[in-house]
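K.L.:
Would you mind keeping the following structure in view while I ask a few things?
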Amino acid sequence: MRTMLPSSPIISWLTRSLKTHKSLCSVSTLQYSSESHFLENPNPNTDFSEKPTSESSASDSRNTQFITPSSKETVFTKTHVIDTLLTHKNDPISALRYFKRAVKMEDFVKDVDVFCVLLHILTGSSGTHRYARNLLNRYVRGDLGPMARVFVDHLIESSKRLDLEFDSQVFGYLLNSYVRAGQIEDAMACIDGMISNNVFPSVLYLNIVLAALVRENMIGRAQHLYNKMISRGFSGDCATIHVMIRGYLKEGKADEAEQCFREAKKEGLL
Numbered sequence: 001m002r003t004m005l006p007s008s009p010i011i012s013w014l015t016r017s018l019k020t021h022k023s024l025c026s027v028s029t030l031q032y033s034s035e036s037h038f039l040e041n042p043n044p045n046t047d048f049s050e051k052p053t054s055e056s057s058a059s060d061s062r063n064t065q066f067i068t069p070s071s072k073e074t075v076f077t078k079t080h081v082i083d084t085l086l087t088h089k090n091d092p093i094s095a096l097r098y099f100k101r102a103v104k105m106e107d108f109v110k111d112v113d114v115f116c117v118l119l120h121i122l123t124g125s126s127g128t129h130r131y132a133r134n135l136l137n138r139y140v141r142g143d144l145g146p147m148a149r150v151f152v153d154h155l156i157e158s159s160k161r162l163d164l165e166f167d168s169q170v171f172g173y174l175l176n177s178y179v180r181a182g183q184i185e186d187a188m189a190c191i192d193g194m195i196s197n198n199v200f201p202s203v204l205y206l207n208i209v210l211a212a213l214v215r216e217n218m219i220g221r222a223q224h225l226y227n228k229m230i231s232r233g234f235s236g237d238c239a240t241i242h243v244m245i246r247g248y249l250k251e252g253k254a255d256e257a258e259q260c261f262r263e264a265k266k267e268g269l270l
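For reference, each letter of the sequence shown is one residue, going 1 to 270 in UniProt numbering.
If you want it as structure tokens, here you go:
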């Protein structure tokens, strides 16, 4: 049974406006759909040893012979693997191929820093972002790594220590993976870690987290996160406002919904 909202011309206007402005949020919606599509692994049983589909045949053909010492000659320590990945930081496909060969070696030591370096290399080129998304999706679903906050710290620290190009998109992909896996607490811990390091999620990925909180009836936490971001200069977009108003109305808080709508109109977001 639905809870009836207080009768008010503003509330009526608000309801009509949400429908009217739905089309204005189409860009964010399309972006979300696109991200969701890329993160869906068509074969959940695929592991890191799977060959990447060729997105740059020229790059593949040039690097199929890149030198990898045999396991008899080399111990695949963390330092060795990272150093080898770094020699191919300008060729992400080769770096990924090396990583997938390395994980098959008996003496390969799985380490979060190795994975972080690979992610930075993959997100350093727009052509290999989808590999980073898919790896993160499997990483999160398989519960293969440390706690979210620790992972965030390692991502940031490895970028600084090894002078790797830093792309905040990697955190957006990580947030999306946590949300898709139903790990909302990890997504929140990820955001806390980002903020403490002065790294902020894009509007798209923050909206994804806010929508997940509202969907799970964590309205208070959604409001807290929204207010925290506003205090740091985040303005959001029409999709952000739609999510927040939906959350307020879901709790029967018509006054808060009205205030949120008025402020968004004043800021030109609607």
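Beta carbons: idealized from backbone N, C-alpha and C, even for Gly.
In the DSSP assignment, find the alpha helix (DSSP H) that holds LYS265 and state where it starts and stops.
P.N.:
Within the sequence shown, the letter at position 265 stands for residue 265. Segment 254-266, the alpha helix (DSSP H) holding LYS265.
K.L.:
Considering only the alpha carbon of each residue, which of THR87, ARG221, VAL112 and LEU119 lies closest to PRO146?
P.N.:
Mapped onto the sequence shown, residue 146 falls at position 146. Measuring from the Cα of PRO146, the nearest candidate turns out to be VAL112.
K.L.:
Can you check the segment 214-238 for any beta strand (DSSP E) of at least 3 residues that lies completely inside it and give the ranges in chain order?
P.N.:
Within the segment 214-238, there are no complete beta strand (DSSP E) runs of at least 3 residues.
K.L.:
Return the CA-CA distance between VAL209 and ARG161, expressed in angstroms with no decimal places.
P.N.:
Here residue 209 refers to the residue found at position 209 of the sequence shown. Here residue 161 refers to the residue found at position 161 of the sequence shown. Taking the straight line joining both Cα atoms gives about 29 Å.
K.L.:
How should ASN207 be labelled, buried or exposed, when 16 other C-beta atoms within 10 angstroms of its C-beta is the threshold for buried?
P.N.:
Residue 207 sits at position 207 when you count from the first residue of the sequence shown. Buried: at least 16 other Cβ atoms inside 10 Å.
K.L.:
Roughly how many angstroms separate the alpha carbons of SER202 and ILE230, rounded to a whole number?
P.N.:
The count along the sequence shown starts at 1 and reaches residue 202 at position 202. The count along the sequence shown starts at 1 and reaches residue 230 at position 230. So the alpha carbons of these two residues sit roughly 13 Å apart.
K.L.:
Beta-carbon separation of VAL133 and TYR173 under 8 Å?
P.N.:
Position 133 of the sequence shown, counted from the start, is the residue given in the question as residue 133. Position 173 of the sequence shown, counted from the start, is the residue given in the question as residue 173. Sequence check: residue 133 is Arg here, not Val. Result yes, Cβ atoms of ARG133 and TYR173 sit closer than 8 Å.
K.L.:
Is the separation between the beta-carbon of SER126 and that of PRO92 shorter than 8 Å?
P.N.:
The sequence position of residue 126 within the sequence shown is 126, counting from 1. The sequence position of residue 92 within the sequence shown is 92, counting from 1. Cβ distance not < 8 Å, so SER126 and PRO92 don't count as in contact.
K.L.:
Span of the alpha helix (DSSP H) holding LYS100?
P.N.:
Numbered from its first residue, the sequence shown carries residue 100 at position 100. Element bounds for LYS100: 92-102.
K.L.:
With DSSP as the reference, label PHE151 as helix, strand or coil.
P.N.:
As a position in the sequence shown, residue 151 is number 151, starting the count at 1. Helix at PHE151.
K.L.:
On the DSSP letters alone, give me the boundaries of the alpha helix (DSSP H) that LYS89 sits inside.
P.N.:
Taking the sequence shown and counting its residues from 1, one reaches residue 89 at position 89. First-last for LYS89: undefined, no H or E at that position.
K.L.:
Give every residue of the same chain whose Cβ lies closer than 6 Å to the Cβ of LEU136, excluding the five residues on either side of it in the sequence, and list them in chain order.
P.N.:
The count along the sequence shown starts at 1 and reaches residue 136 at position 136. Cβ neighbours of LEU136 beyond the five flanking positions: TYR173, LEU174 and SER177.
K.L.:
Run the CB neighbour count on SER168, radius 10 Å, all protein chains shown included, and call it buried at 16 or more, exposed below.
P.N.:
Walking along the sequence shown from the start, residue 168 turns up at place 168. Exposed, because fewer than 16 other Cβ atoms sit within 10 Å of the Cβ of SER168.
K.L.:
First and last residue of the alpha helix (DSSP H) that includes GLU185?
P.N.:
Locating residue 185 in the sequence shown gives position 185, where the first residue counts as 1. Segment 184-196, the alpha helix (DSSP H) holding GLU185.
K.L.:
Give every residue of the same chain whose Cβ lies closer than 6 Å to the Cβ of ALA187, excluding the five residues on either side of it in the sequence, and list them in chain order.
P.N.:
Walking along the sequence shown from the start, residue 187 turns up at place 187. Excluding positions up to five away in sequence, the list reads LEU175, TYR178, VAL179 and VAL209.
K.L.:
For ILE230, verify whether its CB is less than 7 Å away from any heavy atom of the ligand COA.
P.N.:
As presented, the structure is devoid of all ligands, the ligand COA included, so that no description of it is given.
K.L.:
Distance, Cα to Cα, ASP107 vs VAL81?
P.N.:
Residue numbering aside, residue 107 sits at position 107 when the sequence shown is read from its first letter. Residue numbering aside, residue 81 sits at position 81 when the sequence shown is read from its first letter. If you take the alpha carbons of ASP107 and VAL81, they lie about 11 Å apart.
K.L.:
Put GLY127 into one of helix, strand or coil per three-state DSSP.
P.N.:
Working through the sequence shown from its first residue, we reach residue 127 at position 127. It is helical.
K.L.:
May I have the straight-line CA-CA distance separating ALA222 from ALA211, to the nearest angstrom?
P.N.:
Within the sequence shown, the letter at position 222 stands for residue 222. Within the sequence shown, the letter at position 211 stands for residue 211. When rounded, the distance between both Cα atoms is 8 Å.
K.L.:
Among residues of its own chain, excluding the 5 on either side of ILE219, which ones have a beta-carbon nearer than 6 Å to its beta-carbon?
P.N.:
For the purposes of this step, residue 219 is taken as the residue at position 219 of the sequence shown. Excluding sequence neighbours, ILE219 sits near GLY247 and GLU251.
K.L.:
Which residue's Cα is closest to the Cα of GLU157: ILE184, TYR131, ALA189 and GLY193?
P.N.:
For the purposes of this step, residue 157 is taken as the residue at position 157 of the sequence shown. When each option's Cα is compared against that of GLU157, the closest is GLY193.
K.L.:
Taking Cβ to Cβ, would you say VAL170 is nearer than 8 Å to VAL214?
P.N.:
Mapped onto the sequence shown, residue 170 falls at position 170. Mapped onto the sequence shown, residue 214 falls at position 214. Result no, Cβ atoms of VAL170 and VAL214 do not sit closer than 8 Å.
K.L.:
I need the DSSP call for PHE171, collapsed to helix, strand or coil.
P.N.:
Your numbering for residue 171 matches position 171 in the sequence shown. Helix at PHE171.
K.L.:
List the whole-angstrom C-beta distance separating LEU96 from LEU118, where the pair is believed to meet the contact cut-off of C-beta under 8 Å.
P.N.:
Here the question's residue 96 lines up with position 96 in the sequence shown. Here the question's residue 118 lines up with position 118 in the sequence shown. Indeed, because the Cβ distance is near 7 Å, the residues count as touching under 8 Å.
K.L.:
Could you work out which residue in CYS238, TYR139 and VAL109 is closest to THR79 when comparing CA atoms only?
P.N.:
Walking along the sequence shown from the start, residue 79 turns up at place 79. If we check each option's Cα against that of THR79, VAL109 comes out closest.
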